[in-house]
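With positions in the sequence shown counted from 1, the corresponding number in the numbering used here is that position plus 20.
Heads up, the beta-carbon is just placed ideally off N, CA and C, and yes, glycines get one too.
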Amino acid sequence: MHPALSRLLSRVMVAFVPAILLLLVASAAVWGETGIVARQQLADRLKSETEALAAIDRENARLLRELDLLGSDPLLVERAAAEEIGWARKGTTIYRFEDPRPAR
21 MHPALSRLLS RVMVAFVPAI LLLLVASAAV WGETGIVARQ QLADRLKSET EALAAIDREN
81 ARLLRELDLL GSDPLLVERA AAEEIGWARK GTTIYRFEDP RPAR
């Protein structure tokens with residue numbers, strides 16, 4: 021190989037190989053499996069799941085309060101049975117009203 025061509029090829033290798041490697045590392049840092057984009061998606065999902073968990077915790081607390089009330093008040097138990105499954109004591113009349121608004 022001609023010495024001038026060899027020097028030119030060496031200069032090109034010295035200039036472009038590090039630049040290409042840097043470009044590959046940078047793209048992996050942004051779009052890779054553990055890159056910035058993936059981390060942001062995980063952070064968004066974590067926020068969403070945390071909000072869903074908080075809603076479930078609130079519902080659970082409400083149900084526990086309702087359970088405590090039902091356990092301590094027989095009239096509430098009777099009313100809940102009437103509303104939920106249509107059970108009533110013999111001789112009791114249950115009235116049911118339809119919601120005039122259409123279901124969604």
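- Leaving aside the five residues that flank E86 on each side, none in its chain has a CB nearer than 8 angstroms to its CB.
- Under the three-state reduction of DSSP output, I40 falls in the helix class.
- In this structure, DSSP gives I114 a state outside helix and strand, which the three-state scheme calls coil.
- For A108, there is no enclosing alpha helix (DSSP H), as DSSP marks it with neither H nor E.
- The alpha carbon of Y115 has as its nearest neighbour, out of R27, W107, P23, the alpha carbon of W107.
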